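Trainee: Per the numbering used here, the sequence shown starts with residue 7, numbered consecutively.
After the structure tokens below, expect a handful of questions from me.
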Amino acid sequence: MSTSLAWDERFAGGDFQFGEAPNRYLEELRPWLAAGMRALALGDGEGRNGVWLAAQGLRVTSLDWSAVGMAKAAALAERRGVALATVVADAAAWDYPESGFDLVAWIYVHLPPEDRAAAARGVLRAMAPGGLLALECFTPAQQGRRSGGPKMPELLWSRAIVEELFGELEVLELLEGTVSLDEGPRHQGPAEVVRALLRKRG
Ligand SMILES: C[S@@+](CC[C@H](N)C(=O)[O-])C[C@H]1O[C@@H](n2cnc3c(N)ncnc32)[C@H](O)[C@@H]1O
Numbered sequence: 007m008s009t010s011l012a013w014d015e016r017f018a019g020g021d022f023q024f025g026e027a028p029n030r031y032l033e034e035l036r037p038w039l040a041a042g043m044r045a046l047a048l049g050d051g052e053g054r055n056g057v058w059l060a061a062q063g064l065r066v067t068s069l070d071w072s073a074v075g076m077a078k079a080a081a082l083a084e085r086r087g088v089a090l091a092t093v094v095a096d097a098a099a100w101d102y103p104e105s106g107f108d109l110v111a112w113i114y115v116h117l118p119p120e121d122r123a124a125a126a127r128g129v130l131r132a133m134a135p136g137g138l139l140a141l142e143c144f145t146p147a148q149q150g151r152r153s154g155g156p157k158m159p160e161l162l163w164s165r166a167i168v169e170e171l172f173g174e175l176e177v178l179e180l181l182e183g184t185v186s187l188d189e190g191p192r193h194q195g196p197a198e199v200v201r202a203l204l205r206k207r208g
């Protein structure tokens, strides 16, 4: 069972489990970003994605249920000289601010189905009209691969789950397939993922 304490343990120590560089897909989406956009980095772990977004000039809230992860995120932001608001909260139960964000980054956040649906409802509420959702998560084809991801199959994502949870959003990109990961010690090598860039209709 995934718990905040289990993640606290994984994040204890100086190393960054998924590296300090941002997720490559998020980085590829740079042309969609603009300084001043309000961003939510959901399940941001040790903050690599939130801090990178802040360095692009976005106003970033980094949320994770691991207090250890969020402390490391705050320290990374300070080290890079960028502002980052950190929130320690359960993504399935957070009080998502209505239209509070122009971008939500949902990168490798794998929740049990009920929690996933609750977090998705929150994210849909929190997206401003015209706002973007960028998502990259492992799919069932990842099972058996050693490049990362949860062991419990019900936590995995698929194109169909994206379509089911976020069907009201405009699809700018929705791909399922193999990528090559080079993200710290935990995400290394060929991996099976779904990637999505979705936009709330304005
Ligand atoms: C695989 S890590 C990815 C971290 C970060 N998104 C990245 O790409 O570096 C998954 C993260 O999701 C967080 N997480 C899992 N379930 C959560 C929940 N219910 N609420 C908030 N965070 C959660 C974990 O604490 C962990 O930081």
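From the three backbone atoms N, C-alpha and C, an ideal C-beta is built for every residue, glycine too.
Because the structure is a prediction, the values reported are computed rather than measured.
Nearer than 7 Å: is that true of the beta carbon of Phe172 relative to any heavy atom of ligand 1?
Mentor: Phe172: no, Cβ never under 7 Å from ligand 1.
Trainee: Please tell me whether, using a cut-off of 7 Å, the distance from the CB of Ile113 to the nearest non-hydrogen atom of ligand 1 is below it.
Mentor: Yes, the Cβ of Ile113 comes within 7 Å of a heavy atom of ligand 1.
Trainee: Is Trp38 helix, strand or coil by DSSP?
Mentor: It is helical.
Trainee: Residues bridged to Ala91 by DSSP?
Mentor: Looking at the DSSP assignment, Ala91 forms a beta bridge with Thr67.
Trainee: With a cut-off of 8 Å on the beta carbons, I'd call Leu212 and Ser72 a contact; round off their distance for me.
Mentor: Look at the range of the chain in this structure, 7 to 208, and you will see that residue 212 is not part of it.
Trainee: Look at the Cβ atom of Ser8, then the Cβ atom of Pro191, and state whether they are nearer than 8 Å.
Mentor: Not a contact, by the Cβ cut-off of 8 Å.
Trainee: Would the beta-carbon of Leu11 be found less than 7 Å away from any heavy atom of ligand 1?
Mentor: Leu11: no, Cβ never under 7 Å from ligand 1.
Trainee: Can you give me the Cβ contacts of Pro41 inside the same chain, cut-off strictly under 6 Å, excluding the 5 residues immediately before and after it?
Mentor: First, the residue type needs correcting, since residue 41 is Ala and not Pro in the sequence shown. Gly63, listed in sequence order.
Trainee: Quick check on Arg192: does DSSP put it in helix, strand or coil?
Mentor: Note: Arg192 maps to coil in three-state DSSP.
Trainee: For Ala61, which option in Arg85, Lys206, Leu141, Val185 has the closest C-alpha, if you only look at C-alpha atoms?
Mentor: Of the candidates Arg85, Lys206, Leu141, Val185, the one whose C-alpha sits nearest the C-alpha of Ala61 is Arg85.
Trainee: Quick test of the definition: if touching needs 3 or more C-beta pairs under 8 Å, does the segment 26-33 touch the segment 124-144?
Mentor: Touching, yes, given that three or more Cβ pairs across the two stretches are closer than 8 Å.
Trainee: Consider the C-beta atom of Trp58 and the heavy atoms of ligand 1; say whether any pair is separated by less than 7 Å.
Mentor: No, ligand 1 has no heavy atom inside 7 Å of this Cβ.
Trainee: Can you tell me where the alpha helix (DSSP H) with Arg207 in it begins and where it stops?
Mentor: Element bounds for Arg207: n/a, residue is neither H nor E.
Trainee: Which stretch, first to last residue, makes up the alpha helix (DSSP H) that contains Val168?
Mentor: Residues 165-171.
Trainee: Consider the C-beta atom of Leu109 and the heavy atoms of ligand 1; say whether any pair is separated by less than 7 Å.
Mentor: No; taking the cut-off as 7 Å, the Cβ of Leu109 has no heavy atom of ligand 1 nearer than that.
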